[in-house]
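Data first, discussion second: the structure below is written as structure tokens.
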Amino acid sequence: MDLLKELADNVIKGQAPKTEELTQKLLDDKVSPADILNKGLVAGMDVVGTKFKNNEFYVPEVLIAARAMKAGMKLLRPKLAESGVEPVGKFVVGTVKGDLHDIGKNLVAMMMEGAGFEVIDLGVDVTPENFVNTAKERKASVIGMSALLTTTMLNMKATIEELKKQGLNDTIKVVIGGAPVTQNYADEIGADGYAPDAASAVAEVKRLMKI
Ligand code: B1M
Numbered sequence: 072m073d074l075l076k077e078l079a080d081n082v083i084k085g086q087a088p089k090t091e092e093l094t095q096k097l098l099d100d101k102v103s104p105a106d107i108l109n110k111g112l113v114a115g116m117d118v119v120g121t122k123f124k125n126n127e128f129y130v131p132e133v134l135i136a137a138r139a140m141k142a143g144m145k146l147l148r149p150k151l152a153e154s155g156v157e158p159v160g161k162f163v164v165g166t167v168k169g170d171l172h173d174i175g176k177n178l179v180a181m182m183m184e185g186a187g188f189e190v191i192d193l194g195v196d197v198t199p200e201n202f203v204n205t206a207k208e209r210k211a212s213v214i215g216m217s218a219l220l221t222t223t224m225l226n227m228k229a230t231i232e233e234l235k236k237q238g239l240n241d242t243i244k245v246v247i248g249g250a251p252v253t254q255n256y257a258d259e260i261g262a263d264g265y266a267p268d269a270a271s272a273v274a275e276v277k278r279l280m281k282i
């Protein structure tokens with residue numbers, strides 16, 4: 072079988088050691104890091120995202136696939152940097168202030184990394200200033216916020232206000248999600264995008280970045 076296809080299949084199956092081994096073999100065979108990323112690891116995570124969206128895969132399968140992808144990325148990341156392959160875009164993500172739920176946010180981060188984005192994960196309990204200042208310093212195109220509590224989702228608005236205060240709301244887009252969050256709420260607070268699940272978050276960010 073084509074080794075790149077085999078690599079993608081092993082990401083889908085969540086086989087971390089095999090993914091790492093194949094990534095190394097492809098690098099040894101002088102396959103370009105961009106091809107290994109796009110035709111192997113990202114291609115695999117694409118399938119995982121679609122299966123997750125169609126309820127063919129559940130959270131554990133996605134987490135296991137993401138772990139496999141990360142095993143390959145560990146070897147690939149320095150080579151990508153050396154060969155000057157640019158990430159698709161930079162994405163700052165975190166769970167909003169006061170909120171410690173991170174499983175959904177981690178899924179979003181993994182899917183975004185799987186789609187070729189550089190992900191700057193700020194973790195949980197992230198203040199509006201931290202979201203905005205990090206996005207500004209790291210020249211990110213999009214901020215992604217997750218909230219699981221009806222009380223903390225209110226803090227999403229504060230981040231949008233902070234972006235406006237710093238005059239960055241036209242250059243940095245905002246995507247929000249999490250169980251209590253809806254498209255209506257996104258419209259109400261002026262978020263640029265909303266996604267109901269991690270796979271849709273990738274599509275929404277790409278839509279906002281026009282890619
Ligand atoms: Co909490 N908790 N919890 N909890 N917890 C909920 C959210 C709750 C609904 C449970 C309930 O009462 N039925 C309830 C919230 C009620 C409300 O506000 N309406 C609740 C509560 C009340 C609390 C505490 C206040 C409990 C207490 O201490 N009295 C407390 C708050 C702590 C805090 O944050 N300050 C608390 C604590 C915890 C634990 C620490 C024990 C644990 C979190 C562990 C962790 O995350 N590391 C926990 C858990 C696990 C849950 C439930 C059971 C599961 C959440 C989860 O991980 N789901 C949850 C009940 C439930 O949802 N059934 C509950 C799986 C995850 C994949 O889904 O995060 O929704 P989700 O992500 C989805 C989408 O929403 C979307 O993509 C994912 C799927 O692809 N998505 C995005 C998420 N973020 C996105 C961002 C995007 C786009 C899409 O763009 C950027």
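Take any residue in the sequence shown, count from 1 to its spot, add 71: that is its number in the numbering used here.
Ideal Cβ positions, reconstructed from N, Cα and C, are used throughout, including at glycine.
Residue pairing by DSSP leaves D100 without any beta bridge partner.
Under the three-pair Cβ rule at 8 angstroms, the region 80 to 93 counts as touching the region 123 to 139. For the pair L78 and L134, the CB atoms are not nearer than the 8 angstroms cut-off. The beta carbon of G264 is closer than 6 angstroms to those of V246, E275, L279 in its chain, skipping five residues each way along the sequence. The C-alpha of T94 is placed about 39 angstroms away from the C-alpha of G169.
Ranked by Cα distance from G143, the first of E184, A270, T198 is E184. Judged by their CB atoms, V273 and G120 are nearer to each other than the 8 angstroms cut-off. No heavy atom of ligand 1 is found nearer than 7 angstroms to the CB of S212. If you look at G165, you'll find it in the beta strand (DSSP E) that goes 161 to 166.
Under a 10 Å Cβ-count criterion, A152 is classified as exposed, with fewer than 16 other Cβ atoms of the shown protein chains found around its own Cβ. With fewer than 16 other CB atoms across the displayed protein chains lying within 10 angstroms of its CB, N255 is exposed. When the Cα atoms are used, E157 and A211 turn out to be separated by approximately 13 angstroms. Between the C-alpha atoms of A262 and Y129 there is a straight-line separation of about 28 angstroms.
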